[in-house]
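Chemist:
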Amino acid sequence: MSEPGAAPPRVDQPLIPPFLPRMIHRLALPIVLIWLGIVFVTNTVAPQLEVVAKTHSVSMSPTDAASFQSMMKVGSTFKEFNSDNSAMILLEGDKPLGAEAHRYYDEIVRRVEQDKKHVQHVQDFWSDPLTAAGSQSHDQKAAYVQVYLAGNMGGGLANESALAVRKIVDSVPAPPGIKAYVTGAGPLFADQSHAGEKGVMVVTLITFLVIVVMLLFVYRSVITMLIMLAMVFIELAAARGVVATLGNYGIMGLSTFANNMLVLMAIAAGTDYAIFVVGRYHEARGIGETREQAFYTMFHSTAHVVLGSGLTIAGAMYCLSFCRLPYFSSLGIPCAVGMLVAVLAALTLGPAVLTVASFFKLMDPKRTLATRGWRRIGTAIVRWPAPVLAVTIGIALVGLLALPGYKTDYDNRHFLPADTPANVGYAAADRHFDQARLNPELLMIETDHDLRNPADFLVLDKVAKAVFHIPGIGRVQTITRPLGTPLDHSTLGFQMSAQAAGRIQTQHYQDEQAANLLKQADELRKTMATLHEQMQVTQDLSNTTHETTRLTKETVKITEALRDDIANFDDFLRPIRSFFYWERHCYDIPVCWALRSVFNALDGIDQVAQNIVELSANLDKLDQIQPKLVALIPPQIESQQRNLDTIMSNYATTMGLNEQAKAQSDNATAQGDAFDKAKNDDTFYLPPEAFKSPDFARGLKNFISPDGHAVRLIISHEGDPASPEGISHIEPIKQAVHEAIKGTPWEGSKVYLGGTAATYKDMHDGSNIDLLIAGIAAATLIFIIMLVITRSVVAAFVIVGTVLLSLGASFGLSVLLWQYILGMKLHWMVLAMAIILLLAVGSDYNLLLISRFKEEIYAGLRTGTIRAMAGSGSVVTSAGLVFAATMATFMFSPLLVMAQVGTTIALGLLFDTLIVRSFMTPSLATLLGRWFWWPQHVRPRPASTMLRPYGPRPAVRELLLKNVEEHPAGGVVQPR
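Residue numbering for the sequence shown follows the UniProt record's numbering, starting at 1 and increasing by one per position.
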């Protein structure tokens, strides 16, 4: 049914619509319902995409890489682990760790070892005094234990294991002032997955908000915006549901990066295709076509572009599955399947929704499509194609000149928020340890014989020494140097000096004996001084005794005379005395009692006199003994003097012998001390008896395999191992080991090297190869698709060539932004991911532009270029800006690597939309002229102009329309 004032059909549009658009137009409502059913079914039979991605996450470990295989070999040889997933449990205290911290540590280790499902091995160095110093910081405030977990890094079991260990550590009460952290490569991957799961919803919400704003700005219609948003939402839900269902049933694996990229690409591509559909429909309605005519015009102009674009993106993404690194290969199938669903929805659901909305007159343009500005740009380009091309190349050089300074970063720590648990643990470790301490390399050498003997240990230390002397290597630990330095007393210099050990030990005892002689001499001197004092005191006592005896004798005489006088007095007063003793109440009479007491005292004079006589006799005896005591002391003094002389003589003799012995052993001990203090490893040797030491046997278990045929070395870098400098050490380490074992019994042994730098070296090398493989495959696929759609070899080459130029310029702009302006290196994944995605996405807008060139070619090359620019300029620009803004919303992702990928793609899309598609490709097409369409034959001038001598333009147009009616099968009819 036609509308009044309907425009006549275009000469390049068939009068009878093809089958597919006719069926979509007729079955629009059922098609919409079918897609809603697909969304409902796929989102109910399987959990949400984030849940499936968490439970069915694929490992990020490249299983065919040398570093991964080396780690597996180390684990199997030592019977410890069979995965590359490890964690570090770090203890940090606000003061040196003591007994309480050790008990806390022991409890954590005990509980972790009990979890057999998630923990395969605990490398406990801190509990062993022999190796404790190697796992404790110099300030004694931190210590760590390495735990090997189940599941390869990035996989579902690996993430579960890391979280399980973290829960165990959190369940153990920590003493005051002590904190425990779970960090390392495994927990870092788990935190990355968790951050990606949380971030994808936030980024999706912000993306929809950005799209809403941009659609409102472009179309100035809330209804149009809501309808387009509904298209995108259904496409996104269908793509998520299909991928989640396939992943849930194990048909494909998922990853954090695939989940994030799939959602954003589905939204961006779906929005782009909606803009293509609605924009072309509005353009057709703007020139007066009916709604049905505009529908068929839209489908005829955009279906092959959408199909080609979708196949290009899906094919380029699928090319990532050819990569060896799971970081890239895990993106391939999920993103390709999601894009195929989005393309199928764009080809069916989009036109169906447009038909239903058009029926209710909801999709008519609210304003006339602005073409004047783009027409002027097109006119300027066809007039001055060479200068325009030169300017665009000059702009591209801005980005290209930044490429030589490109530097990359391999440390995932820098691309996660600082408050993630693993990064918090790394920050705590950095406060006490070198940065490389928690990210060592493991070197294992496997021989064909038992290594537990002195001869093989000489070779082992030669290897350790060779590796240690490589520039950039800070520490090498093995059984010959468990703390990173040579074992004490393990040099020939010390062992030669140890031959004087017995003599040195005897010397010590002799020195002590000589010191004892001096002590004896001192004691004798003290005794002699005491005897002298005793003799003086005894002499004084004898003199005093003699004088006391004389005085006592005189006192006896006086006492006897006194006794006689008192006796006379007592006889005279006896009658009176009796009176005092007879009186019963004398006690009560003071005078009586006093006189009675006097008489009692006079009665005691006889006893005093008797005692004085006896005292005098005893003093006479003492006076005779005291001189004899005095005479005994001088001989004692003389005897002690002779003993003192003998002791001093012995001391002098002993000291002379000791000095002579000491002089003979001084050089030997100085040599041993010098070798020990210098930590010199030039003359390493362990005698056979060392292997019998229980401590040494315990240390052997940590570095020598159970069968004794293999030994491992723990290598620490001086700087960051996850850096180009750290990666550069890997080949020198292998070369140093090869040179060290050459010509020894170990020659021909197998050498295995794994660890942080070794892993990233394999990733660096693998990413270069993967980029080459995926890039060539994607470019070839894109070229083939462009060739099929444009049917022009030159046009296909121009599309691919301009995209490649755009890749270099946009990546250079990203380097300029991140490295030189923001001061952050790009993640190593950004280059490969951005290039593959830009290869796919960047060709879309060129394809749409060249398709419009092809539609307008009947007007002549230059006029057709101007018309194509005018008709598609605003549509393609809007689509490009929306796609770029969608990718730029990755800036809000907690994963900085996704932010870098998103901004790189956004910059590339902006460059491709505003420079390449708008100026470079049209100028190239103008310069190449009809050769742009080779091998097709096109006329540089319109056919109507060439037929003007045969009639007016309306007659010529009628002739062409009649020619169209004779070819009802449809297709583009080129004027003859």
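We put the CB at the ideal spot given by N, CA and C, even for glycine.
Starting from the C-beta of Ser-57, find all residues in its chain whose C-beta is less than 8 angstroms away, skip the five residues before and the five after it, and write them out in chain order.
Modeler: The residues are Gly-154, Gly-155, Gly-156, Asn-159, Ser-193, Gly-253, Leu-254, Ser-255, Thr-256.
Chemist: How big is the Cα-Cα spacing for Gln-495 and Gly-699?
Modeler: Any answer about Gln-495 is weak, because its pLDDT of 47 lies below 50 and its placement is not dependable; what the coordinates show is given next. When rounded, the distance between both Cα atoms is 21 angstroms.
Chemist: From Leu-403 to Asp-912, what distance separates their C-alpha atoms?
Modeler: Whole-angstrom Cα-Cα distance: 18 angstroms.
Chemist: Expressed to the nearest angstrom, what Euclidean distance is found between the alpha-carbon atoms of Thr-207 and Pro-21?
Modeler: Cα to Cα, the separation comes out at about 31 angstroms.
Chemist: Would you check if the segment 447-458 and the segment 421-434 touch, i.e. whether three or more CB-CB distances between them fall below 8 angstroms?
Modeler: No: the two stretches stay apart, fewer than three of their Cβ pairs being nearer than 8 angstroms.
Chemist: Determine, using beta carbons only, whether Asn-152 and Met-214 come nearer to each other than 9 angstroms.
Modeler: No, the pair does not count as a contact, with Cβ atoms beyond the cut-off.
Chemist: By Cβ distance, which residues of its chain are closer than 6 angstroms to Val-340, with the 5 residues on each side in sequence left out?
Modeler: First, the residue type needs correcting, since residue 340 is Leu and not Val in the sequence shown. Excluding positions up to five away in sequence, the list reads Ala-314.
Chemist: Please work out which residues of its chain come closer than 6 angstroms, Cβ to Cβ, to Ala-710, disregarding the five sequence neighbours upstream and downstream, and give them in chain order.
Modeler: Cβ within range, chain order: Thr-77, Met-444, Glu-446.
Chemist: Are Ile-333 and Ile-267 closer than 9 angstroms when you measure CB to CB?
Modeler: Cβ distance not < 9 angstroms, so Ile-333 and Ile-267 don't count as in contact.
Chemist: On the three-state DSSP scale, how would you describe Lys-750?
Modeler: DSSP places Lys-750 in strand when its eight states are reduced to three.
Chemist: Below 8 angstroms on the Cβ atoms is my contact criterion, and I expect Ser-86 with Val-145 to pass it. Report the Cβ-Cβ distance as a whole number of Å.
Modeler: Between Val-145 and Ser-86 the Cβ distance is about 11 angstroms, and since that is not below 8 angstroms, they are no contact.
Chemist: Give me whichever residues DSSP pairs with Tyr-148 in a beta bridge.
Modeler: Answer is Ser-86, His-121, bridged to Tyr-148.
Chemist: Assuming Asn-248 and Ala-46 are in contact, meaning their beta carbons sit under 8 angstroms apart, how far apart are those beta carbons, in whole angstroms?
Modeler: That belief holds up - the Cβ atoms of Asn-248 and Ala-46 are roughly 4 angstroms apart, short of 8 angstroms.
Chemist: If the criterion is Cβ atoms closer than 9 angstroms, does the pair Val-901 and Met-829 meet it?
Modeler: Going by C-beta atoms, Val-901 is nearer than 9 angstroms to Met-829.
Chemist: Using alpha carbons as the reference points, say which of Leu-771, Pro-175, Leu-216, Leu-149 lies closest to Ala-190.
Modeler: Closest option to Ala-190, Cα to Cα, is Leu-149.
Chemist: Please specify which runs of the beta strand (DSSP E), each continuous and at least 3 residues long, are wholly inside the segment 409-457, giving them in chain order.
Modeler: Complete beta strand (DSSP E) runs here, min 3: 441-446.
Chemist: Could you tell me the boundaries of the alpha helix (DSSP H) in which Tyr-760 lies?
Modeler: 756-790 is the span of the alpha helix (DSSP H), which, as asked, contains Tyr-760.
Chemist: His-717 lies in the alpha helix (DSSP H); which residues open and close that run?
Modeler: No alpha helix (DSSP H) holds His-717; the beta strand (DSSP E) holding it covers 710-717.
Chemist: Just the C-alpha distance for Leu-562 and Gln-624, rounded to the nearest angstrom, thanks.
Modeler: Whole-angstrom Cα-Cα distance: 29 angstroms.
Chemist: With H, G and I counted as helix, E and B as strand and the rest as coil, what does DSSP make of Arg-324?
Modeler: Three-state DSSP puts Arg-324 in coil, outside helix and strand.
Chemist: Taking Phe-599 as the reference, which of Ile-589, Phe-569, Leu-619, Asn-618 has the closest Cα?
Modeler: Minimum Cα distance to Phe-599 is reached at Phe-569.
Chemist: Looking only at its chain, what residues have a beta carbon closer than 6 angstroms to the beta carbon of Lys-407, apart from the 5 residues adjacent to it on each side?
Modeler: Once the five neighbours on either side are set aside, the close Cβ partners of Lys-407 are Lys-825.
Chemist: Could you pull the start and end residues of the alpha helix (DSSP H) that Arg-475 belongs to?
Modeler: No alpha helix (DSSP H) holds Arg-475; the beta strand (DSSP E) holding it covers 473-477.
Chemist: Could you tell me which of Ala-269, Phe-68, Ala-258, Ala-925 sits nearest to Leu-797, measuring between CA atoms?
Modeler: The amino acid occupying residue 797 in the given sequence is Phe; Leu does not appear at that position. That would be Ala-925, whose Cα lies nearest to the Cα of Phe-797.
Chemist: Taking 7 angstroms as the limit between beta carbons, can you name the residues of its chain near Lys-79, skipping five residues before and five after?
Modeler: Closer than 7 angstroms at the Cβ level, and outside the excluded window around Lys-79, lie Pro-706.
Chemist: Could you tell me the alpha carbon to alpha carbon distance between Pro-634 and Asp-564, rounded to whole angstroms?
Modeler: Cα to Cα, Pro-634 sits roughly 49 angstroms from Asp-564.
Chemist: Measuring CA to CA, which of Ile-24, Leu-896, Cys-586, Ala-840 is closest to Thr-348?
Modeler: For the residues Ile-24, Leu-896, Cys-586, Ala-840, the minimum Cα distance to Thr-348 belongs to Ile-24.
Chemist: Of the choices Leu-362, Val-165, Lys-734, whose alpha-carbon is the least far from that of Leu-90?
Modeler: Closest by alpha carbon: Val-165.
Chemist: Let's see if you can read the secondary structure: which residues bound the beta strand (DSSP E) around Val-182?
Modeler: Where Val-182 is concerned, the enclosing beta strand (DSSP E) stretches over 178-183.
Chemist: Please tell me whether Val-337 and Val-202 are closer than 9 angstroms, where the distance is taken between their beta carbons.
Modeler: No, Cβ-Cβ distance for Val-337 and Val-202 is not below 9 angstroms.
Chemist: With H, G and I counted as helix, E and B as strand and the rest as coil, what does DSSP make of Ala-142?
Modeler: Looking at Ala-142 - three-state DSSP - the assignment turns out to be strand.
Chemist: Please classify Pro-351 as buried or exposed, where buried requires at least 16 neighbouring CB atoms within 10 angstroms.
Modeler: Buried is the call here.
Chemist: With Phe-257 as the anchor, note down where its alpha helix (DSSP H) starts and where it stops.
Modeler: 256-286 is the extent of the alpha helix (DSSP H) around Phe-257.
Chemist: Could one say the Cβ of Thr-790 lies closer than 9 angstroms to chain C's Cβ atoms, at least one of them?
Modeler: Looking at the structure shown, chain C is missing, and only one protein chain is on hand.
Chemist: Under 9 angstroms, do Val-803 and Asn-846 count as touching if we go by C-beta distance?
Modeler: Against a cut-off of 9 angstroms, the Cβ pair of Asn-846 and Val-803 comes out as a contact.
Chemist: Closest by CA to Met-231, which one among Leu-344, Arg-791, Leu-438?
Modeler: For Met-231, the nearest C-alpha among the options comes from Leu-344.
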